[in-house]
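If you're matching positions, the sequence shown starts at 0 in numbering that gives the first Met the number 0 and goes up one per residue. Just so you know, even glycine gets a beta-carbon here, dropped at the ideal spot from N, CA and C. Since the model is a prediction, treat every value here as computed from it, not as a measurement. Read the structure below first, then the notes.
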Amino acid sequence: MMNQAAHTTEFAGSDRQVVATVPRVNIHAFCDNQQTVQAMQAAAADRRMSRAHVTIQLGGIAAAIQVYQAQPTPNVLIVESHSQRDMLLAELAQLAQVCAPNTKVIVIGHLNDVVLYRELIRQGVSEYLVAPLHQLQLIEAVAALYRDPKAEPLGKITAFVGAKGGVGSSTLAHNFGSYVSRNLGVDTIITDLDLAFGTAGLNFNQETSQGIVDALGQPDRVDQTLLDRLLTKCGDKLSLLASSGTIDREVNIEAHAVETILEIVRHNVPSIVVDVPNMWAPWIKYTLIQADDVVITATPELASLRNAKNLIDLLKQARPNDHAPRLVLNQVGVPKRPEIPVAEFAKALGVEPVAVIPYDPQVFGTAASNGQMIADVGPKSKAAEAIASLSRTLAGQETPAKGGKSMLGGVLGKVLRKK
Ligand SMILES: Nc1ncnc2c1ncn2[C@@H]1O[C@H](COP(=O)(O)OP(=O)(O)OP(=O)(O)O)[C@@H](O)[C@H]1O
Ligand SMILES: [Mg+2]
């Protein structure tokens, strides 16, 4: 059996992959192996499964057959078996007798066998996975049952939040979005969730409408057509979903509204930058927990250190299967200001910063007043370099996928992916 920790690292290596969330469904798993039970438990506790209702038990297909003689099958039934091909097919034929036609069945087996895979799919099984499994593979398999196979892959959500106000989080979010769209050629939408005081429009020198305010005010009405109207285009591959910075409309933001909007946005572009305001509310916490990547910007002083620590602790705990939040130290080296040295700051948090950006009032000030990006104002500046490198790291360009084979890397993986 594969070592659990090693397996985790292996999957995390494929950083660019976005694993979708699972809708509000009932999932029953009948495992036949302790490792699968653990992976299933980890999957059930993951943020992407928070809407699903999951029950897990041992006993494999035989237990499932017994249970469903007396009760209806759930939306998704996951059964594990150690049996050889013919035996497994016979067990499943028996299960089929008690299984409702609209229940989607995922079979976990221990044979990497394409013939078996094809036969199972022919018989109506939704998916065949080979143990040992990582929790994210299980989540991906369930999520895939509810996704249109013809749809584009889901966009990756990168959330930027400041450890305190005014640390430069929004500036970095906008510059990251700009770099990804212009230099990496990736279609990007920047969503500015700071409805009253957001600066996305200003920083790109764009007249923005009340796009994000309208969207959050009526999340269930937002569809593809409406979204197109709410966006402000500000580059070949870059659009803003922002507000115009007026304070006469009060919108009570609900986590559900943010979730709905981001779900639509991520079906449209591969890269979504979310500028999260520096405050604390249930919807902020939710947005950070559900993001695919979180960037915390801090300045080298005590309040930032304390808040960054609290944020990192919370996010690590709530997102055990995701990359740890990234730390950016910004405005380092303000003249005459006593600062916590970068190394000490990093040590206190137990996190190495992904970028250390110097205090540069000339470049940042000019960029802010002209509505320009740092790369345009000071292309050779240390800040521009740091932003470029940060952007490439976040976009997964600096960590080429290692040759390590994931479970979905073999022949069966290719078959699974082709469907
Ligand atoms: N490295 C830097 N050197 C100098 N000025 C900077 C630097 N980074 C950001 N700034 C400036 O600091 C100000 C605040 O930046 P920004 O609005 O991006 O911060 P924020 O964390 O989003 O603030 P808020 O809490 O208001 O949302 C801006 O004027 C910006 O130009
Ligand atoms: Mg901001």
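Taking only the alpha-carbon atoms, compute the straight-line gap between residue i and residue j and give it to the nearest angstrom.
{"i": "H133", "j": "L240", "result": "35 Å"}
{"i": "T20", "j": "A142", "result": "6 Å"}
{"i": "N309", "j": "Y178", "result": "29 Å"}
{"i": "Q16", "j": "T190", "result": "21 Å"}
{"i": "L328", "j": "A158", "result": "16 Å"}
{"i": "R248", "j": "A256", "result": "16 Å"}
{"i": "G164", "j": "L194", "result": "15 Å"}
{"i": "V18", "j": "N74", "result": "20 Å"}
{"i": "P22", "j": "I386", "result": "36 Å"}
{"i": "L91", "j": "A43", "result": "24 Å"}
{"i": "A214", "j": "V221", "result": "6 Å"}
{"i": "A130", "j": "G108", "result": "6 Å"}
{"i": "G395", "j": "D274", "result": "20 Å"}
{"i": "S390", "j": "A254", "result": "27 Å"}
{"i": "Q122", "j": "G59", "result": "19 Å"}
{"i": "Y358", "j": "V333", "result": "6 Å"}
{"i": "A302", "j": "Y116", "result": "56 Å"}
{"i": "T392", "j": "A172", "result": "14 Å"}
{"i": "A336", "j": "L348", "result": "In the sequence as displayed, the identity of residue 336 is Arg instead of Ala. In a straight line, the C-alpha of R336 is about 21 Å away from that of L348."}
{"i": "P378", "j": "Q371", "result": "12 Å"}
{"i": "L287", "j": "V293", "result": "7 Å"}
{"i": "P399", "j": "S388", "result": "Bear in mind that a pLDDT of 40 at P399, under 50, signals an unreliable position, so the model cannot answer this."}
{"i": "G244", "j": "E79", "result": "54 Å"}
{"i": "T259", "j": "D219", "result": "7 Å"}
{"i": "G403", "j": "Q136", "result": "Because G403 carries a pLDDT of 35, less than 50, the predicted location of this residue cannot be relied on, and no value is offered for it."}
{"i": "N25", "j": "R50", "result": "9 Å"}
{"i": "W282", "j": "I211", "result": "15 Å"}
{"i": "R325", "j": "M86", "result": "49 Å"}
Using DSSP's beta-bridge definition, name the partner residues of residue i.
{"i": "E126", "result": "I105"}
{"i": "L192", "result": "Beta-bridge pairing links L192 to no other residue."}
{"i": "T157", "result": "V272 and D292"}
{"i": "P357", "result": "V331"}
{"i": "T231", "result": "L239"}
{"i": "A28", "result": "I55 and I77"}
{"i": "L326", "result": "I295"}
Residues in the same chain with beta-carbon distance under 7 Å from residue i, minus the five sequence neighbours each way, listed in chain order, please.
{"i": "I64", "result": "Q93, L94 and V97"}
{"i": "D45", "result": "Q134, I138 and N320"}
{"i": "R265", "result": "L153, G154, I156 and I271"}
{"i": "E118", "result": "L88"}
{"i": "C233", "result": "F203, Q205 and L239"}
{"i": "K284", "result": "none"}
{"i": "P71", "result": "A99"}
{"i": "A33", "result": "Per the sequence shown, the amino acid found at residue 33 is Gln instead of Ala. Excluding sequence neighbours, Q33 sits near nothing in its chain."}
{"i": "M48", "result": "V21, A42 and I138"}
{"i": "V414", "result": "Note on V414: pLDDT 39, under 50, position unreliable in the model; no value is reported."}
Sort the options by Cα distance to residue i and report the nearest one.
{"i": "V53", "options": "C30, G165, N369 and I60", "result": "C30"}
{"i": "N306", "options": "M372, D291, I107 and N277", "result": "N277"}
{"i": "V355", "options": "R228, G184 and F344", "result": "F344"}
{"i": "G167", "options": "G108, Y285, T296 and E206", "result": "T296"}
{"i": "A99", "options": "L119, V353, E118 and A69", "result": "A69"}
{"i": "D227", "options": "V273, I188, V350 and T198", "result": "I188"}
{"i": "Q223", "options": "Q289, I263, S208 and K379", "result": "I263"}
{"i": "V250", "options": "W279, Y285, T286 and Q209", "result": "Q209"}
{"i": "D112", "options": "P378, T102 and S82", "result": "S82"}
{"i": "G216", "options": "L192, T231, T198 and G197", "result": "L192"}
{"i": "R181", "options": "L237, R50 and K149", "result": "L237"}
{"i": "V268", "options": "L57, E151 and P218", "result": "E151"}
{"i": "A317", "options": "L326, L304, E338 and A290", "result": "A290"}
{"i": "Y67", "options": "S242, T102 and L304", "result": "T102"}
{"i": "S368", "options": "D235, E338, T35 and L201", "result": "L201"}
Cβ of residue i within 7 Å of any heavy atom in ligand 4?
{"i": "D274", "result": "Among the ligands present in this structure, namely ligand 1 and ligand 2, ligand 4 is not found."}
For residue i, I'd like the list of residues in its chain whose CB is within less than 6 Å of its CB, leaving aside the five on either flank, ordered along the chain.
{"i": "A28", "result": "M39, I55 and I77"}
{"i": "A280", "result": "none"}
{"i": "T231", "result": "Q205, T207 and L239"}
{"i": "G161", "result": "S168, N277 and T296"}
Using a Cβ-Cβ cut-off of 8 Å (strictly less than) and excluding sequence neighbours within five positions of residue i, which residues of its own chain qualify?
{"i": "V426", "result": "Past the edges of the chain, shown from 0 to 418, lies residue 426, and the structure says nothing about it."}
{"i": "I373", "result": "T170, N174, V362, F363, A366, S380, A382, A383 and I386"}
{"i": "A323", "result": "I311, L314, K315 and V350"}
{"i": "A140", "result": "I105, E126 and L128"}
{"i": "V114", "result": "R84"}
{"i": "L433", "result": "The chain is shown from 0 up to 418; residue 433 falls before or after that span and cannot be answered."}
{"i": "A61", "result": "E90"}
Shorter than 8 Å from the beta carbon of residue i to some beta carbon of chain D?
{"i": "I55", "result": "Among the chains of the structure shown, chain D does not appear; only one protein chain is present."}
Exercise. So which residues put a beta carbon under 6 Å from any heavy atom of ligand 1, going in chain order?
Worked result: G161, G164, G165, V166, G167, S168, S169, T170, D193, T198, P276, N277, N329, Q330, I356, Y358, D359, P360, F363, A367 and A382
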